[in-house]
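One structure is given below, encoded as structure tokens.
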Amino acid sequence: MKCPNCGKWNRSSLPHCFYCGEPLPTDDPYFGSQQPAWQTELRDKDKASAYLRVDEDGNIDSTQDPRDALAAEMVELKVRKLQGEIKQRHLRAAAAQRGLAPSGRTVRTTSNRGTFFSAYDDPNATLRPVDPALIEEGEVERDARIVYTQKYRSRDADPVNRGNNPYGYGATQRIHTLAESAEDQPVYDGYHDTSAYIPFSSAQDEYEHSLRMHATGNWAPRRIGRRRVMRALLIAASLMVTGWLVWAVVIPTIRAGQVQEVEEVTITPTIRDDLAAHTITIPGKEGQRITIRELRKSAIVTGGVATFDIPDHIWYDDFEDYLQETMAVTLTPYLMTETGKQQPLEPIHYEIDIPLSPIDLQTPDNPYKVVSTAMYNIVFYVREGSQVTINGEDYSDLVNTEGGTVSYNATVQPIGENYFDIVVRSQYCRENTARVTLYREKQEIPLDLASDIASRSTEKTITIRATTLPGAIVKVLSPYTDLNITNTESDGSFSFKAVFDHIGNNTITITADYPGKKTTKVEHVVYYVPSIDEYSRKAWDIVTEYTDLMNNLDLRKKKTQIYVCKGVITSIETTKPQRAYMQCGTEENPVVIYVENSSRTTWVEGESYRLYADAFGMYNSKPWLVVRYTYRKDEY
């Protein structure tokens, strides 16, 4: 900007001439712009954007973009704001001339971000001038004092060091004008302003600015406040805590993860070919060969590790003696160098579990059983290819190759408890032992049932044959027919037909008496269930007859009422015997029953079945039925 006094050019931001100190003309939005009028007239006008929309029929619709309208409104708002500021500036200047609103006093506010960093507001900022006319009319308090206006010169540097050059660089000064009290001075209600603070924006024409090329550098030290010290201390403490956490926690964690990922050997239990095994990974460099001496196997490092899958059974296959539940295993790995040398690595130690050979006893249901026959069939399941011994004798040839079933006819003496020790050694397993005890009461009068007597029957009658002491008196206490005792006097043999009066377990009871000897009593249990053709003919649907069953449970139980149940096994409660809950209804009308499995099919939870069962009782507020026949969903 050119100085009107000396004609030299200055920066447009300077309030005074850099060379002579003459005030420079302002160039701001309040007093207009110095841009020539011809440049304003030749400026390109903004063109409004329009969009043409053409539909399928060729119709054209021209609409204006709403964003352009919004931009125009924003520009108009800015222009109005500047015009309003200019108008307010003129109004304040006019009012100041009349002495009603001195321009040397403005309203100042202070941010209240928090109690720690907040500062008190200047009480001078809230004062308002009093109209002199009010003083004459007596509307102002008597002790109200007149405010004395004054002009002052403020220095940013030490006046001693800068006295020789008052117009040095940065020496912004305000001229002090001290005046005596006058009648036309503005009066503030009850307050005498002695500071006469004039804001920077209210008296820019009172500043002098000078440029000093060689500053002395002797500046007054800046006062350091308590808030700044506290803020610096907090920042320093935060940095120290963060650095300590990084050094003590983050860096060791990263290093530990790197060491574990690269250097540690991993041992993972796994399954290989349905057998227990362990996977060993040894770290190394890509392409290296690592050998395990005990296995006589080697592997190439791929992906940073060499991997070995080791079945557990190889460590105890050759052991014939008794094995413990666990075994400690030690591996000695070697690293094959490029020269062919073996570089030993750290030994690897881990433990393996040795499983027991499986034995699943089917008959009898429990290891202890009371029997009445001289022969009893013991049935159990083992793994195919197992070695089986019973009371020291090898019966491995009895193992069924199609399921591992072993059926053994045990001779039961009338001496009380008869012990049968079963020892099984399966492949890749340790030896397992089970004992079955069959109790047969001691007899003074021998009474033996035939060994071929059945324990299950679908017929309502079966023939029972037995022998006793010749001349003994034989009695049948259970339902029977066709008793034949013609040969009892000669050889002690007799026979009869046992009659089963209810579905399920029926007990056959026989006694033998002889003068001078204790009576012998023999009992034999036969499980009777009619054939499915006969049994299913009497079945009622459980869903439709559920209410009748709940209301007449004792009567249905007495008559052994049969029901057909179609649904899903929701939960299995016990396994021997198998008992479960079954859902036969729908979500809207659920029908839940409690069923006990006496069929030959094992249930699976969540599967659908069709069951034929008869009423037995009540369990947990649900009807209890005993299932005789089971059909899977695909067998409906």
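Just so you know, we're using the numbering used here here: the sequence shown kicks off at 55 and counts up by one.
Here a beta-carbon is modelled for each residue, glycine too, at the ideal position from N, C-alpha and C.
Own chain residues within Cβ distance below 8 Å of residue i, not counting five before or after
| i | result |
| --- | --- |
| Ile539 | Val528, Phe548 |
| Thr491 | Pro421, Tyr422, Lys423, Glu471, Asn472, Tyr473, Phe474 |
| Leu377 | Tyr370, Ile408, Arg484, Glu485 |
| Tyr493 | Tyr422, Lys423, Val424, Val425, Gly470, Glu471, Asn472 |
| Lys351 | Thr345, Phe362 |
| Gly458 | Tyr435, Val436, Arg437, Glu438, Ser440 |
| Thr391 | Gln397 |
| Lys56 | Lys62, Trp63, Asn64 |
| Asp448 | Gln441, Val442 |
Check whether residue i and residue j have beta carbons under 8 Å apart
| i | j | result |
| --- | --- | --- |
| Leu389 | Ile334 | no |
| Ile413 | Val466 | no |
| Gly341 | Val359 | no |
| Arg664 | Lys620 | yes |
| Ser662 | Arg682 | no |
| Ile476 | Ala464 | no |
| Asp668 | Ile616 | yes |
| Lys551 | Asp536 | yes |
| Leu385 | Pro401 | yes |
| Ala566 | Leu501 | yes |
| Ile647 | Lys676 | yes |
Nearest-angstrom Cα separation, counted from residue j out to residue i
| i | j | result |
| --- | --- | --- |
| Glu650 | Leu679 | 6 Å |
| Ala291 | Tyr73 | 51 Å |
| Leu68 | Leu288 | 40 Å |
| Asp608 | Gly671 | 8 Å |
| His403 | Ile321 | 9 Å |
| Asp419 | Ala428 | 19 Å |
| Arg347 | Pro387 | 6 Å |
| Arg134 | His70 | 30 Å |
| Gly357 | Ile336 | 11 Å |
| Tyr534 | Thr573 | 20 Å |
| Pro120 | Glu139 | 29 Å |
| Asn64 | Leu293 | 47 Å |
| Arg633 | Trp657 | 9 Å |
| Ser461 | Val433 | 5 Å |
| Thr684 | Lys611 | 20 Å |
| Val304 | Glu318 | 20 Å |
| Pro306 | Val295 | 16 Å |
| Lys62 | Leu78 | 11 Å |
| Ile557 | Gln481 | 43 Å |
| Ala286 | Leu136 | 41 Å |
| Ala149 | Leu131 | 26 Å |
| Met284 | Ile308 | 35 Å |
| Glu543 | Arg510 | 31 Å |
Residues near residue i by beta carbon distance below 6 Å, same chain, minus five either side
| i | result |
| --- | --- |
| Thr563 | Leu531, Ser532, Glu577 |
| Asn541 | Ser547 |
| Glu696 | Here the chain comprises residues numbered 55 to 690, so residue 696 is not present and cannot be evaluated. |
| Tyr568 | Ile499, Leu523, Ala526 |
| Asp115 | Arg107 |
| Gly75 | none |
| Lys575 | Thr565 |
Secondary structure of residue i, DSSP reduced to three states
| i | result |
| --- | --- |
| Tyr683 | strand |
| Trp298 | helix |
| Asn606 | coil |
| Pro468 | coil |
| Thr601 | helix |
| Pro120 | helix |
| Ile368 | helix |
| His556 | coil |
| Ala593 | strand |
| Leu492 | strand |
| Asp363 | strand |
| Leu349 | coil |
| Val304 | helix |
| Arg107 | strand |
| Gly86 | Low per-residue confidence applies at Gly86: pLDDT is 48, beneath 50, and the placement is therefore not dependable enough to give any value. |
| Ser292 | helix |
| Ala520 | strand |
Same chain, Cβ closer than 7 Å to residue i, neighbours up to 5 away in sequence not counted
| i | result |
| --- | --- |
| Pro365 | Arg326, Leu329, Ala331 |
| Thr624 | Tyr635, Met636, Gln637 |
| Gly559 | Just to set this straight, residue 559 is Asn in the shown sequence, not Gly. Within the same chain, Asn559 has close Cβ partners Val579, Tyr581. |
| Asn445 | Phe474, Asp475 |
Contact belief for residue i with residue j at Cβ below 8 Å, rounded distance in angstroms
| i | j | result |
| --- | --- | --- |
| Val618 | Tyr666 | 6 Å |
| Val583 | Thr512 | 6 Å |
| Asn431 | Thr443 | That pair is no contact at about 18 Å. |
Contact test: residue i Cβ vs the ligand HEM heavy atom, cutoff 7 Å
| i | result |
| --- | --- |
| Ser67 | The ligand content of the structure shown is nil, which means the ligand HEM is not present either. |
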